[in-house]
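Here is the structure we will look at, set down as structure tokens.
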Amino acid sequence: MKLKLFLAACMFFISLPFAASANSYPDRAVTLIVPYPPGGGTDNVARLLAMKLSDHWSQPVIVENIPGADGVIGTQKLLRSAPDGYTILMQLNQMLLWKAIMPELKFDVEKDLALVSMIARSPTTVTVSGQSPYKSISDLVAHCSKSDCGIGAATRLTELISKNLIHTANLTRTVNVNYKGTAPMTNDLLGNHITVGLPSASSALAKHHAGTLRILAVTSKQRFNGLPDVPTLTELGYPVTGDAWYGLMVPKATPPAVINAIMDGVKTVSTDKQLLTAIEHGGAEAIFSTPQEFEAYVQEESSELDRLSAKFMAAKQ
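All residue numbers in the sequence shown are consecutive under my numbering, ending with 327.
In structure tokens form, the structure reads like this:
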């Protein structure tokens, strides 16, 4: 009996520092790592989110851009940081492909990262030039079934979607064309150097409304609120899906109480109209999930990406 009381007392006192740190979190500046260059859609939302959290917490939230190696460099910096909630990462779901295409990595994002909240989700779009004769997916498939076509992909995730679409629609004369970023792909699309591209809605929406690009379909499971008249590939008979999302993560050893404190801050600012408008105008849908919802979503998506990667992708040599 005395031993049980002693052990219970030890556990109580050990937990006190974590409880105190969570109750006072944050009591100093927080760093939000964006593992991509400044100026992109993820960076823009991260900076506005940082400003809103800073106002709510009355502590600075400093965005630090650490680009390189498809987001790996910034993620590595997070993993080297103390698991205390004072360094947070905003990462994209293309990280779920790393184990398939970069098996040499010394970490596993699913084992080494704790998920805090999915902030927003943006569907990939099937997009042609505004001057293109193709007005629908059926037009596009009919053409690419009998003529040579190229599908532009700017990320590893959209490369996977491209190869899946080519396979599903039986486009035997169509090839995937990889680009080092959305900008060069969009330029080739506008110049009619490729038939079709797969930019995210966040990249294509403004040009679609301006008429310089034409979005024929989206790869989300349901229609995208920002493009209610644009069908999904699935409803057109091509079960090809794949959204781009970004969310907040911390090192796995971060105490649950600290993760909950971060989530409480995110939940508070999630109703901010300026933040919601920025996400919507950026071609994305605000999500602000709980850690549990985020974890369940990632587990399901990761299993599907593992299956598709084994079928369509090869690791870097």
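Beta carbons: idealized from backbone N, C-alpha and C, even for Gly.
Residue burial classification, residue i (beta-carbon count within 10 angstroms, cutoff 16)
| i | result |
| --- | --- |
| ASP37 | exposed |
| GLN104 | buried |
| PRO301 | buried |
| LEU318 | buried |
| GLU328 | No answer is possible for residue 328: the residues shown for the chain start at 11 and end at 327. |
| LEU208 | buried |
| ARG183 | exposed |
| TYR189 | buried |
| GLY247 | exposed |
| THR264 | buried |
| PRO143 | exposed |
| PRO261 | buried |
| GLY201 | exposed |
| GLN284 | exposed |
| THR178 | exposed |
| ASP239 | exposed |
Delimiting residues of the beta strand (DSSP E) encompassing residue i
| i | result |
| --- | --- |
| SER132 | 123-133 |
| GLU74 | 71-75 |
| LEU42 | 40-44 |
Residues sharing a beta bridge with residue i, DSSP
| i | result |
| --- | --- |
| CYS159 | THR184 |
| LEU258 | MET100 and SER127 |
| SER139 | LEU223 |
| GLU295 | ARG131 |
Limits of the unbroken alpha helix (DSSP H) element including residue i
| i | result |
| --- | --- |
| LEU170 | 166-178 |
| MET105 | Unbroken run through MET105: none, as it is neither H nor E. |
| ALA271 | 266-279 |
| GLY49 | Run containing GLY49: none; DSSP gives neither H nor E here. |
| TYR307 | 301-322 |
| GLU290 | 283-291 |
| GLY84 | 82-90 |
For residue i, the nearest candidate out of the options (CA to CA)
| i | options | result |
| --- | --- | --- |
| LEU58 | GLN302, SER280 and THR251 | SER280 |
| ASP122 | PRO133, LYS109 and ALA130 | LYS109 |
| SER8 | LEU99, ILE72 and ALA227 | For residue 8 there is no data in the structure shown, the boundaries of the chain being 11 and 327. |
| ALA220 | THR278, ILE111, GLN141 and VAL44 | GLN141 |
| VAL44 | VAL126, LYS321 and GLY257 | GLY257 |
| ALA56 | GLU311, VAL268 and MET259 | MET259 |
| LEU215 | VAL138, ILE269, ILE176 and SER172 | VAL138 |
Chain D within 8 angstroms of residue i, Cβ atoms only
| i | result |
| --- | --- |
| SER312 | Reference to chain D is not applicable here, since this structure consists of a single protein chain. |
Give, in chain order, every unbroken run of the alpha helix (DSSP H) that is at least 4 residues long and sits entirely within the region 185-256. 192-200 and 211-220
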